[in-house]
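What follows is a short report on a single structure.
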Amino acid sequence: MNRTRLLFIGVLALALGAFASALAYKVLQSRVAGPVQLQPVVVAASDLAVGTKLQQKDIRSVNVPADALPPGGFRHEEKVIGRGVVLPVAQGEFLIAGKNLAAANAGSGLSSLIPSGMRAVSVRVSDISAMGGFITPGSRVDVLMTGNPGSGEAQAMTVLKNVAVLANGSRLDHGLLGPETQNSPVITLLVSPDDAERLALAMAQGRIQLALRNPLDTGQENVAAVSLRSLYTGSQRTAAPTPAVHVKPKPAPVAQAAPPPPTTYGVEVIKGDKRDVTKLSD
Numbered sequence: 003m004n005r006t007r008l009l010f011i012g013v014l015a016l017a018l019g020a021f022a023s024a025l026a027y028k029v030l031q032s033r034v035a036g037p038v039q040l041q042p043v044v045v046a047a048s049d050l051a052v053g054t055k056l057q058q059k060d061i062r063s064v065n066v067p068a069d070a071l072p073p074g075g076f077r078h079e080e081k082v083i084g085r086g087v088v089l090p091v092a093q094g095e096f097l098i099a100g101k102n103l104a105a106a107n108a109g110s111g112l113s114s115l116i117p118s119g120m121r122a123v124s125v126r127v128s129d130i131s132a133m134g135g136f137i138t139p140g141s142r143v144d145v146l147m148t149g150n151p152g153s154g155e156a157q158a159m160t161v162l163k164n165v166a167v168l169a170n171g172s173r174l175d176h177g178l179l180g181p182e183t184q185n186s187p188v189i190t191l192l193v194s195p196d197d198a199e200r201l202a203l204a205m206a207q208g209r210i211q212l213a214l215r216n217p218l219d220t221g222q223e224n225v226a227a228v229s230l231r232s233l234y235t236g237s238q239r240t241a242a243p244t245p246a247v248h249v250k251p252k253p254a255p256v257a258q259a260a261p262p263p264p265t266t267y268g269v270e271v272i273k274g275d276k277r278d279v280t281k282l283s284d
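Quick look at the structure:
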């Protein structure tokens, strides 16, 4: 009897303890978390290419927790309509000013991709210079020029380094699914005003070549110009030097004095009334 009563009291105590613990947990959870507040944010309704001018069909609003709102995001759709897309945007991605959207009055297309203080300059290239179409928007290139500086010998030099590519022909983005090759005779580069002048002068004075570089390689090493003569250095066997011949100088001729004139004597011969003088030498 006493044993059964003790077991009943123990079970009852455990049940009351579990109930009190569950009740305390719910009270604390309601005080800490509180109700979740949702706020609207504008996202892309479909995949958007670079240069797209946003319309109502391109955007939609979704509700997210207030603490999940991205910095620079938009809560009202009318604030993004008419803006240009400057980076590829995937469906459902947040539209953020300064990241994938241009400024309010920057327009769309290529002009919206040019930051303040920069310039877009197009250069004409060959299929070889365009790397077979692998130079896509977003690539980084060096600009090389081959020309004649006036010395009569062709030279090649690096004019600009680590330049961003804005467009390949009329293409402004490399696609959302990965880069695709596209051959175009015109590549548009993003340069500063000073570099725009250097690039224009290089196009007028010589032939332009683009060198594709790794986007993680941001070095600005100084590269000396290469002349045509340096390509042949070491390609031909150097002729053996001609041994020097020592010629013994000849003594200067000694001028000889002229012999003195011969001494003459006069002999007078008298024949009758005639007198004759004959000169005789030694």
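According to the numbering used here, the sequence shown is numbered sequentially starting from 3. Think of the CB as a built atom: it goes at the ideal place given N, C-alpha and C, for glycine as much as any other residue.
- Annotation: the continuous beta strand (DSSP E) that includes residue 42 extends over 40–46.
- Scanning 224, 122, 50 and 171 for the CA closest to the CA of residue 201 turns up 122.
- Ranking 148, 224 and 168 by CA distance to the CA of residue 113 puts 168 first.
- Residue pairing by DSSP places residue 213 opposite 144 in a beta bridge.
- A distance below 7 Å between beta-carbons, with the five flanking residues on each side excluded, links residue 82 to the following residues of its chain, in chain order: 44, 56, 61, 76, 97 and 103.
- Straight across, the Cα-Cα distance linking residue 69 with residue 100 is about 21 Å.
- Residue pairing by DSSP places residue 63 opposite 44 in a beta bridge.
- DSSP places residue 96 in the strand class (E or B) of the three-state scheme.
- At the C-beta level, residue 174 and residue 91 stay beyond 8 Å of one another.
- Listed as beta-bridge partners of residue 165 by DSSP are 143.
- With respect to residue 213, residue 146 sits close: the two C-beta atoms are nearer than 8 Å.
- With respect to residue 156, residue 192 sits apart: the two C-beta atoms are not nearer than 8 Å.
- Taking 8 Å as the upper bound for CB-CB distance, residue 126 and residue 66 are not in contact here, some 48 Å apart.
- Around the beta carbon of residue 74, fewer than 16 other beta carbons lie within 10 angstroms, which makes this residue exposed.
- Under the 10 Å beta carbon count, residue 39 is surrounded by fewer than 16 other beta carbons and is classified as exposed.
- The continuous stretches of alpha helix (DSSP H) do not include residue 126, which lies in the beta strand (DSSP E) extending over residues 121–126.
- The C-alpha of residue 219 is placed about 15 Å away from the C-alpha of residue 162.
- Counting other Cβ atoms within 10 Å of its Cβ, residue 141 reaches 16 or more and is therefore classed as buried.
- DSSP lists 149 and 229 as the beta-bridge partner residues of residue 157.
- No Cβ-Cβ contact shorter than 8 Å links residue 211 with residue 149.
- When secondary structure is reduced to three states using DSSP, residue 270 falls in the strand class.
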